[in-house]
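All residue numbers for the sequence shown refer to our numbering, where the first residue is 290 and numbers rise by one.
The C-beta atom is built at its ideal place from N, Cα and C for all residues, glycine as well.
Everything below concerns the one structure shown next.
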Amino acid sequence: MKQILKNTLSNPVYVSGGIFLLSGGALVFALVMQHVFGLQPCELCLWQRVPFVVSTILGFIALITAINPERLKITAFAVFLSGLSFLAGGVIAAYHTGVEQHWWRSFLEGCK
Numbered sequence: 290m291k292q293i294l295k296n297t298l299s300n301p302v303y304v305s306g307g308i309f310l311l312s313g314g315a316l317v318f319a320l321v322m323q324h325v326f327g328l329q330p331c332e333l334c335l336w337q338r339v340p341f342v343v344s345t346i347l348g349f350i351a352l353i354t355a356i357n358p359e360r361l362k363i364t365a366f367a368v369f370l371s372g373l374s375f376l377a378g379g380v381i382a383a384y385h386t387g388v389e390q391h392w393w394r395s396f397l398e399g400c401k
């Protein structure tokens, strides 16, 4: 199992594809919840989608460049930027959680 995980995480195509599919899947899920089930997002919910959009685009770029071994530096840079995007998303999510739990007030008027 450990070897399978190591082989998967060391393969740029798998890593890039995972970033693309997971980020894109999260966006699709949020849009289905909004447009199919009528769950209206607050402004912070919309801000939380931005890092997923960025990571989806970067994951796609990384996936395309991962196929060509000569472009692995571009792939690595796109994966690195995706990591920063996920970090930014985590910061927004932590702030949003604090607003939802009434630990602090939001600077956005529509969020309580």
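(message) Is the beta carbon of I381 closer than 9 Å to that of V302?
(response) No; because the gap between Cβ atoms is not below 9 Å, this pair is not in contact.
(request) May I ask you to report which of helix, strand or coil DSSP gives E398? (result) coil
(request) Give me the Cα-Cα distance between A365 and F375, rounded to the nearest whole angstrom. (result) 15 Å
(request) Determine the DSSP secondary structure at I308, reduced to helix, strand or coil. (result) helix
(request) Using only alpha-carbon positions, find the residue among V342, C331, Q323, W336 that is nearest to L311. (result) V342
(message) So, does the stretch 384 to 397 touch the stretch 308 to 325, judging by three or more C-beta pairs under 8 Å?
(response) no
(request) Identify whether I356 lies in helix, strand or coil by the three-state DSSP scheme. (result) coil
(message) Comparing C-alpha positions only, which one of S395, Q337, I308 sits nearest to A319?
(response) Q337
(request) Report all residues from its chain with a CB closer than 8 Å to the CB of L361; omit the five preceding and five following residues, and keep chain order. (result) Non-local beta-carbon contacts of L361 in its own chain, meaning distances under 8 Å to residues more than five positions away in sequence, involve P301, T354, A355 in chain order.
(request) Run the CB neighbour count on F396, radius 10 Å, all protein chains shown included, and call it buried at 16 or more, exposed below. (result) exposed
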